[in-house]
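Here's the structure we're looking at; comments come further down.
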Amino acid sequence: MKKRKKQAAKKARIEPPSTPTPEPDLPQVLSSGPEHPQAPISEPELPNAPPVIDLEGDLPSQGPMVAAEPVVEPAGAAAEVPNPTEAAAEASEESAHHAAETTVSSLGSQEEEESILIPQCSLQKSKGAVYPAGVTDWADLTPGQLGARAATHAMVVNTAVHSLTLLQSDKYLKWALAAEESSRVAHTDLRATRCKIHQLEGGAAAQKSFIEVLLSEKEELARERDRLKAEVDGLRAGQEALKLEVESLKAGHEASQLEVQKL
1 MKKRKKQAAK KARIEPPSTP TPEPDLPQVL SSGPEHPQAP ISEPELPNAP PVIDLEGDLP
61 SQGPMVAAEP VVEPAGAAAE VPNPTEAAAE ASEESAHHAA ETTVSSLGSQ EEEESILIPQ
121 CSLQKSKGAV YPAGVTDWAD LTPGQLGARA ATHAMVVNTA VHSLTLLQSD KYLKWALAAE
181 ESSRVAHTDL RATRCKIHQL EGGAAAQKSF IEVLLSEKEE LARERDRLKA EVDGLRAGQE
241 ALKLEVESLK AGHEASQLEV QKL
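Per UniProt numbering: the sequence shown = residues 1 to 263.
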């Protein structure tokens, strides 16, 4: 083991250190002239648009103040500035066009006007929901006050939802208890009815057996009656025979008496 370690140490000493490969130099692009900063592109203002509230205006800056670079305006920029009277005329034309479209859309039925599938109606409803009269008063509030007010509204909504959930759960619990009680009463009545049915079935079986016994006794009585009737008929026949025999004896006795008188 020691020899192997020594040989490995010798090989490490003999081998030259690896030279790092130089990285290729990237060509640097030279600017032909001074760079002009691009002017920010302003979005066109829509007619009858709600006011834009800048919520970040009251926030303190989180880093060092950086001086804004001067914007170099082109020479023809001053000529492109619209005249205030022309802008007012265009705004009035757009508002008139919007009013005409609203008037044309109002010619439909009442249901179509109130449908949210119509873009104009849905936009008006969304504006009425998002930009009520009280929102304009919130423009002067700080982000902290806005957050507190939003948290208050969220707590109110959460409380209402929680109370509604408790009310619904209480109502459903009452319904479940009433249904369970009615089910228990129904099961009790069903068990009582089953017991009555079993009792009636037992009574019917006993009556059936009693009727069968009565029928067998009736058959025996019928047979006994037939036997007695036969005996009565035999006795009647014997009685008739005895009567005939008595009559014959009387006739013989009378004949013997006549013979005695003749003598």
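Glycine included, each C-beta is placed from N, C-alpha and C at the ideal position.
Open item on the list: Assuming Leu141 is part of the alpha helix (DSSP H), what are its boundary residues?
Closed with: That residue, Leu141, is in no alpha helix (DSSP H); it is neither H nor E in DSSP.
Task: As assigned by DSSP and simplified to three states, the class of Leu263 - done: Reduced to three states, the DSSP call for Leu263 is coil.
Open item on the list: What does the alpha-carbon distance come out to for the pair Ser163 and Ala192?
Closed with: If I take the Cα positions, the gap works out to 43 angstroms.
- [ ] Can you tell me which of the three DSSP states Ile197 falls into?
- [x] helix
Open item on the list: Only counting the same chain, and skipping five residues up and downstream in sequence, which positions put a Cβ closer than 8 angstroms to that of Glu217?
Closed with: none
Task: Under the three-state DSSP convention, the category Ile211 falls into - done: helix
Task: Rounded C-alpha distance that separates Glu180 from Ser169 - done: Spanning the two alpha carbons is a distance of roughly 16 angstroms.
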